[in-house]
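Step one of this worksheet: look at the structure below.
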């Protein structure tokens with residue numbers, strides 16, 4: 051009798067999976083033998099090339115089902131030349147595609163692997179400790195050498211008995227279950243200032259079993275990042291409260307995900323985390339204050355490996371947490387996640403990645419060079435500091451159109467698909483980030499705003515005087531004021547100036563691709579982003595929302611160990627640009643206040659949108675930003 | 051100007067210490083320059099060969115004192131050929147002698163080393179995380195490469211500022227202090243079933259700052275080991291209670307030691323632990339039950355590295371615990387400590403090491419082969435199961451002499467130096483292990499006991515009838531009964547049979563050295579041990595008490611990292627003998643019941659003590675142990 055298909059595959063280095071080690075329990079080594087003529091290989095395979103179906107396979111088929119023509123590779127022995135097809139689900143490093151996370155072609159190769167072992171029983175004659183009986187079995191049955199056993203698993207090892215399943219992480223037994231145990235789970239979490247998003251995945255199959263999100267409860271200490279840092283500065287022990295709040299939220303989220311997927315939270319063995327530097331410091335229990343003042347000192351720009359229990363995260367008692375590296379004081383592990391998921395460092399087109407929050411984190415470059423910076427946009431893009439602004443939540447105006455002639459608006463609110471003109475019953479509660487951007491852009495396109503952002507008096511009831519300036523009445527009680535326009539101008543000028551600064555460093559005038567990450571990127575209409583000059587000109591077909599790219603990066607680091615090494619290496623070679631000390635940033639910032647500051651700079655946009663013909667600069671607007679000598683002639 | 055003496059020493063690979071890295075803070079690089087003619091080297095050294103005393107040295111001398119003629123090696127620059135003497139206190143790997151622990155020539159080379167570093171400050175221009183600024187400084191200032199930073203230290207690192215002292219353990223920064231920090235401490239603990247002994251040491255100098263002990267509070271769950279295991283078997287969650295009890299005791303002990311030495315317990319960075327297998331399992335939070343029944347399954351026979359916090363031990367928040375390896379189900383990490391401190395594996399004489407507790411752990415061998423076994427002596431040697439027995443405590447009879455003619459006794463009690471005949475006020479409370487051994491041996495030497503251990507009627511008021519047997523009245527209310535003699539016979543036969551079994555395995559008839567470890571070994575008079583046949587014949591000059599050899603081994607593992615590798619390697623090659631399955635053990639056991647079972651076997655002893663002439667075997671004694679056919683002729 052020959053060797054089994056599984057053994058033959060292993061000897062040939064073929065990628066055929068197994069958790070049970072070849073005893074017909076796990077079914078991960080399923081193959082489809084092929085019979086008949088294979089002229090290319092010059093062989094004819096008879097059905098007798100493999101041994102008959104075994105009772106073990108029949109048992110497995112009854113228990114779990116075995117597809118037509120399928121065999122268990124560990125049970126079918128090879129008697130003659132044979133051709134077998136290895137279905138993708140039987141490959142160790144199978145690839146998956148996660149469309150909702152924009153993950154394509156991800157190889158499943160998690161840091162933890164499961165191994166079923168049968169230890170030699172302890173005897174009076176051979177006094178060998180259980181840990182060594184285990185490592186000897188792993189050597190004999192799995193050809194694993196030099197495996198160590200984490201002392202934290204010893205109690206489970208005692209209880210497990212001689213036949214058990216172990217998880218091995220980085221050459222160390224990190225978990226033990228009695229008998230055959232075939233699943234293990236991981237959670238990837240993106241800790242945002244506003245929302246915390248999580249994904250629960252099966253680490254063996256790569257399947258996403260649940261996803262969810264919740265509000266960051268730190269909001270009660272301050273709406274935006276800087277107000278939370280201020281809270282810590284003003285309140286002794288405040289950072290502890292913020293840390294406890296986020297750790298509690300992580301536990302709530304993990305509990306929700308486990309419940310959704312009907313699994314036990316203590317079967318979650320791996321966790322990956324991303325977040326901006328302040329969130330990063332807070333969920334790690336570090337003091338965020340150094341990040342709140344120059345020189346914006348990052349405690350570490352390296353990846354972090356800790357136990358979940360050290361962060362008070364409830365999962366498997368020996369669960370591990372991997373935190374992606376932060377890049378700079380204002381460019382966090384979330385941006386590392388965006389880079390990992392978007393992979394600009396592997397391609398030749400120059401990509402611009404923008405993740406907008408209280409700061410805009412900006413990455414620019416390609417396989418040759420990658421630059422990163424953070425621009426102080428402030429929270430206007432999130433609807434904060436806007437007179438009728440609110441967070442993106444049901445009731446918030448998110449789409450705005452203004453009739454170029456009548457100046458009458460129509461809008462959509464979150465939670466409804468109808469335009470306000472079609473459904474007069476809509477009751478908007480405020481205006482969110484994407485809404486204010488569209489409103490300002492439409493006001494500019496309708497000629498209500500000058501190129502310099504001054505709201506001009508109009509023969510329309512929609513434009514009302516408000517002291518020495520004018521406001522636009524978007525809906526009942528919801529106005530776009532001159533100050534709102536100024537806030538958006540400041541924010542967009544900061545973003546653009548940051549992008550421009552990086553383009554200067556790369557000595558380029560245009561970018562090949564733009565990815566807008568995060569909730570902001572998903573809601574914003576890129577055309578309006580260009581109308582306002584948030585982003586540089588680019589073929590609109592090459593401008594995409596990246597979804598939760600930071601979360602996608604966390605998922606990649608969860609499912610693939612190489613992804614961790616990759617982002618650690620890439621982060622190290624990113625050129626970090628600190629906008630605060632670059633004189634060019636100030637110059638770009640001033641120049642970028644106008645809408646769009648250079649029409650000629652947007653060839654792609656001008657094909658699509660007619661920019662206002664009568665953009666009348668006001669002296670008021672000019673006086674503030676131009677030197678007097680230019681104003682006088 | 052030339053290089054400093056410290057730098058020159060480093061370049062030449064000379065063993066000159068430094069904690070501050072050469073900035074004149076620590077004073078560990080002190081040297082004594084030598085001037086004048088050195089004909090052997092063919093040079094004459096002028097005082098100008100070194101630069102003048104610096105202000106830093108003057109400051110140091112004022113602050114800490116600087117011996118006559120001493121210089122700080124980091125401050126004195128070399129201008130010409132020079133001869134310097136390096137005092138032993140300035141050597142990195144200096145040797146110390148710990149007499150009370152029988153430690154000779156121990157090289158101080160702890161797993162943690164201290165390094166003072168001055169990091170480049172964080173700037174807006176260079177966004178490098180603090181961890182990397184630290185590792186870069188360690189590279190530049192200490193030539194250390196590839197150092198990682200334990201995430202658990204990050205908060206201390208944040209608070210420490212740019213000039214700080216770090217502890218590095220196995221290439222990982224494990225502790226951080228602000229500014230210059232020059233001391234770090236370690237505790238070695240021997241967890242015995244009855245007492246827990248601890249030693250607090252300065253890890254830089256190797257100095258022992260405190261020692262102490264306390265009763266093992268587990269005693270409330272059972273006097274001896276097996277009764278504690280029984281408690282766990284009978285009571286759900288009992289092992290948790292036992293674990294909590296010992297962990298609490300460890301914390302009490304560490305607190306006591308720190309108080310004695312006037313240090314803070316959170317400055318204790320390293321802890322080493324030894325104990326028998328059941329103590330080992332209990333302080334690690336493992337279930338001891340597998341050790342209580344065949345096949346006496348040891349969960350691990352490897353050394354264990356864990357954090358102190360995982361064992362609920364209060365010390366430095368990132369303190370590490372190293373547990374020496376157990377050897378077999380009945381041969382624990384305490385025996386590993388005995389081996390490490392006695393070093394039989396490095397010498398050619400055949401050494402016998404005996405550590406007597408509820409079981410006697412026995413090691414026999416030399417540099418070529420080392421065997422270990424455990425003999426089930428029971429607790430008689432500890433004073434348990436003896437009618438008037440008690441633990442070795444003040445009031446217990448520990449020395450006994452019986453007049454060969456009058457059969458009148460005299461004795462000493464713990465807590466007094468006087469014999470009872472000189473101080474009639476002594477009020478003995480009972481008899482401890484060494485006392486009962488001397489009493490039985492003296493009774494045998496006085497002819498009161500037969501060779502078979504039967505107490506014979508005597509014309510003396512001291513020997514009184516007690517049912518069908520006789521007892522000896524040692525003191526008011528303190529009798530040595532026939533059952534007491536039987537208990538000692540069983541215990542000593544078990545011990546001897548174990549030793550004999552190992553001698554058989556080694557194919558030897560005598561041993562070259564004997565070490566008696568532990569409290570029992572310290573109290574027992576080795577002559578009486580031989581009279582009773584506890585140990586085989588040996589030159590009495592080569593029989594020694596080893597003191598707390600297990601604790602000494604723990605201290606070695608604390609002070610010297612190589613000692614850890616050494617014992618891990620030695621333990622692996624020890625041949626473990628399980629007495630329970632060796633038929634020869636039973637045979638030796640039966641044979642060893644008599645006192646001394648073969649006078650001829652003790653040539654060394656017979657030079658010293660006259661064995662009784664009238665050793666009259668009784669039929670009663672013979673009937674129980676010899677086959678009937680031998681009894682009849």
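Chains as they are written, first to last, in our numbering: chain A, 51 to 683; chain B, 51 to 683. Backbone N, C-alpha and C fix where the C-beta goes; we use that ideal spot for every residue, glycine too.
Along chain A, which residues have their Cβ under 7 Å away from the Cβ of residue 631 of chain B?
Your numbering for residue 631 of chain B matches position 581 in the second chain. Result: 174 and 175.
Under a Cβ-count criterion, where at least 16 other Cβ atoms within 10 Å of its own Cβ denotes burial, should residue 285 of chain B be classed as buried or exposed? By 1-based counting over the second chain, the position of residue 285 of chain B is 235. Its Cβ having fewer than 16 others within 10 Å, residue 285 of chain B is exposed.
**Request:** Please confirm whether residue 584 of chain B and residue 522 of chain B have their CB atoms less than 8 Å apart.
**Result:** Residue numbering aside, residue 584 of chain B sits at position 534 when the second chain is read from its first letter. Residue numbering aside, residue 522 of chain B sits at position 472 when the second chain is read from its first letter. Not closer than 8 Å, so no.
Practice problem: Taking residue 173 of chain A as part of the alpha helix (DSSP H), name the residues at either end of that continuous run. | Solution: Translated into the one-based positions of the first chain, residue 173 of chain A becomes position 123. It is not in any alpha helix (DSSP H) - residue 173 of chain A carries neither H nor E in the DSSP assignment.
Between residue 552 of chain B and the rest of its own chain, which residues show a CB-CB distance below 7 Å, the 5 nearest in sequence each way excluded? Translated into positions along the second chain, residue 552 of chain B becomes position 502. Around residue 552 of chain B: 412, 414, 421, 423 and 627.
Note to self: If the cut-off is 8 Å on Cβ atoms, which residues from the stretch 343 to 371 of chain A count as contacting chain B, listed in chain order?
What the structure shows: 344, 345, 346, 347, 348, 349, 350, 351, 352, 354, 355, 356 and 360
Amino acids of chain A, ordered along the chain, whose beta-carbon sits closer than 9 Å to that of residue 337 of chain B
Looking up residue 337 of chain B in the second chain gives position 287. 205, 208 and 209, listed in chain order.
Original post:
Quick one: is residue 53 of chain B buried, meaning 16 or more other Cβ sit within 10 Å of its Cβ, or exposed?
Top reply: For the purposes of this step, residue 53 of chain B is identified with residue 3 of the second chain, where counting begins at 1. Exposed is the call here.
Give the secondary structure of residue 483 of chain B by DSSP, where H, G and I count as helix, E and B as strand, and everything else as coil.
Counting from one through the second chain, the residue named residue 483 of chain B turns up at place 433. Looking at residue 483 of chain B - three-state DSSP - the assignment turns out to be helix.
Legend entry - Close beta carbons around residue 247 of chain B, own chain, < 6 Å, minus the five adjacent residues each side: Taking the second chain and counting its residues from 1, the one referred to as residue 247 of chain B is at position 197. Close CB contacts of residue 247 of chain B within its chain, under the 6 Å cut and outside five residues either way in sequence, are with 240, 263, 598 and 601 (chain order).
### Message
According to DSSP, simplified to helix, strand and coil, what is residue 280 of chain B?
### Response
Within the second chain, numbered from 1, the residue matching residue 280 of chain B stands at position 230. Correct three-state label for residue 280 of chain B: helix.
*Applying the criterion that 16 or more other CB atoms from any shown protein chain within 10 Å of the CB defines a buried residue, is residue 689 of chain B buried or exposed?*
Limits of chain B in this structure are 51 at one end and 683 at the other, which puts residue 689 of chain B out of reach.
In this structure, how does DSSP classify residue 34 of chain A when only helix, strand and coil are distinguished? As shown, chain A starts at 51 and ends at 683. That puts residue 34 of chain A outside it, with no answer to give.
* In angstroms with no decimal places, state the Cα-to-Cα distance between residue 505 of chain A and residue 526 of chain A. => Reading the first chain from its first residue, position 455 is the one you call residue 505 of chain A. Reading the first chain from its first residue, position 476 is the one you call residue 526 of chain A. Between residue 505 of chain A and residue 526 of chain A, the C-alpha separation is close to 19 Å.
Nearest to residue 61 of chain B by CA position, among B:193, B:120 and B:138, is which residue? Sequence index remark: in the second chain, residue 61 of chain B carries index 11 (1-based). Minimum Cα distance to residue 61 of chain B is reached at B:193.
**Prompt:** Do residue 606 of chain A and residue 156 of chain A come within 8 Å of each other at the CB atom, strictly closer than that value?
**Reply:** What you label residue 156 of chain A is simply residue 106 of the first chain in a count that begins at 1. What you label residue 606 of chain A is simply residue 556 of the first chain in a count that begins at 1. A contact, by the Cβ cut-off of 8 Å.
(Q) To the nearest angstrom, how far is the alpha carbon of residue 468 of chain A from that of residue 444 of chain A? (A) In the first chain, the residue the question calls residue 468 of chain A occupies position 418. In the first chain, the residue the question calls residue 444 of chain A occupies position 394. In a straight line, the C-alpha of residue 468 of chain A is about 13 Å away from that of residue 444 of chain A.
Exercise. Return the chain-ordered ranges of every alpha helix (DSSP H) run that is complete within the stretch 511 to 597 of chain B and spans a minimum of 4 residues.
Key: 532 to 556, 568 to 573 and 576 to 582
Report task. Identify whether residue 362 of chain B lies in helix, strand or coil by the three-state DSSP scheme. Result -> As a working mapping, residue 362 of chain B is identified with position 312 in the second chain. Residue 362 of chain B falls in the coil class under three-state DSSP.
Notebook entry, point to check: Where does residue 103 of chain B fall in DSSP's three states?
Noted result: By one-based count along the second chain, residue 103 of chain B stands at place 53. Correct three-state label for residue 103 of chain B: coil.
| task | Assign residue 462 of chain B to one of three DSSP states: helix, strand, or coil. | result | In the second chain, counting from the first residue as 1, residue 462 of chain B sits at position 412. Note: residue 462 of chain B maps to strand in three-state DSSP.
| message | Alpha carbons only, please: which of A:55, A:517, A:513 and A:209 is nearest the one belonging to residue 120 of chain A? | response | Against the first chain, residue 120 of chain A aligns to sequence position 70. The candidate whose alpha carbon is nearest that of residue 120 of chain A is A:55.
Handout entry: Residues within the stretch 175 to 194 of chain B neighbouring chain A, beta-carbon criterion of under 8 Å
Key = Residues of the stretch 175 to 194 of chain B with a C-beta less than 8 Å from any C-beta of chain A: 175, 177, 178, 179, 180, 181 and 182, listed in chain order.
Q) Considering residue 391 of chain B, what are the terminal residues of the beta strand (DSSP E) in which it resides? A) The residue given as residue 391 of chain B occupies position 341 in the second chain. Taken as a continuous stretch (DSSP letters only), residue 391 of chain B belongs to no beta strand (DSSP E), being part of the alpha helix (DSSP H) at 383 to 392.
- Query: Going along the chain, which residues of its own chain have a beta-carbon closer than 7 Å to the beta-carbon of residue 338 of chain A, five neighbours each way excluded?
  - Reply: What you label residue 338 of chain A is simply residue 288 of the first chain in a count that begins at 1. Result list for residue 338 of chain A: 279, 282, 289, 328, 331 and 332, in chain order.
Quiz item: Going by the CB atoms, is the gap between residue 229 of chain B and residue 214 of chain B shorter than 8 Å?
Solution: Taking the second chain and counting its residues from 1, one reaches residue 214 of chain B at position 164. Taking the second chain and counting its residues from 1, one reaches residue 229 of chain B at position 179. By the CB criterion at 8 Å, residue 214 of chain B and residue 229 of chain B fall inside the cutoff.
* Asked: Do you know offhand how far residue 208 of chain A's Cα is from residue 225 of chain A's?
  -> For the purposes of this step, residue 208 of chain A is taken as residue 158 along the first chain, with counting starting at 1. For the purposes of this step, residue 225 of chain A is taken as residue 175 along the first chain, with counting starting at 1. Taking the straight line joining both Cα atoms gives about 12 Å.
(request) Report the residues of the stretch 420 to 454 of chain A with a CB closer than 8 Å to any CB of chain B, ordered along the chain. (result) Under the 8 Å Cβ criterion, the stretch 420 to 454 of chain A contributes no residue.
Determine whether the beta carbon atoms of residue 317 of chain A and residue 395 of chain A lie at a separation below 8 Å.
Residue 317 of chain A sits at position 267 when you count from the first residue of the first chain. Residue 395 of chain A sits at position 345 when you count from the first residue of the first chain. Not in contact: residue 317 of chain A and residue 395 of chain A (Cβ atoms no closer than 8 Å).
Relative to the C-alpha of residue 139 of chain B, which candidate in B:588, B:448, B:578 and B:257 has its C-alpha closest? Position 89 of the second chain, counted from the first residue, corresponds to residue 139 of chain B. Nearest of B:588, B:448, B:578 and B:257 to residue 139 of chain B, Cα basis: B:257.
Would you say residue 228 of chain B faces chain A, with C-beta separation under 8 Å as the test?
As a working note, residue 228 of chain B is residue 178 in the second chain. Using a CB distance cut-off of 8 Å, residue 228 of chain B does not count as an interface residue toward chain A.
**Prompt:** Leaving out the 5 sequence neighbours to the left and right, which residues in its chain are closer than 7 Å to residue 417 of chain B when beta-carbon positions are compared?
**Reply:** Position 367 of the second chain holds residue 417 of chain B. Excluding five sequence positions before and after residue 417 of chain B, the CB atoms of its chain that fall closer than 7 Å to its own CB belong to 395, 396, 397 and 398, given in chain order.
*Taking C-alpha atoms, which residue in B:380, B:555, B:543 and B:646 lies nearest to residue 495 of chain B?*
Indexing the second chain from 1 puts residue 495 of chain B at position 445. Measuring from the Cα of residue 495 of chain B, the nearest candidate turns out to be B:646.
Chain-ordered chain A contacts of residue 340 of chain B [CB-CB under 7 Å]: As a working note, residue 340 of chain B is residue 290 in the second chain. Residues of chain A passing the Cβ test: 208.
Residue environment, residue 68 of chain A, which counts as buried when at least 16 other CB atoms sit within 10 Å: Here residue 68 of chain A refers to the residue found at position 18 when the first chain is read from its first residue. Flag for residue 68 of chain A reads buried.
Should residue 187 of chain A and residue 161 of chain A be called a contact, given that it needs their Cβ atoms to be closer than 8 Å?
What you label residue 187 of chain A is simply residue 137 of the first chain in a count that begins at 1. What you label residue 161 of chain A is simply residue 111 of the first chain in a count that begins at 1. Taking 8 Å as the Cβ cut-off, residue 187 of chain A and residue 161 of chain A do not qualify as a contacting pair.
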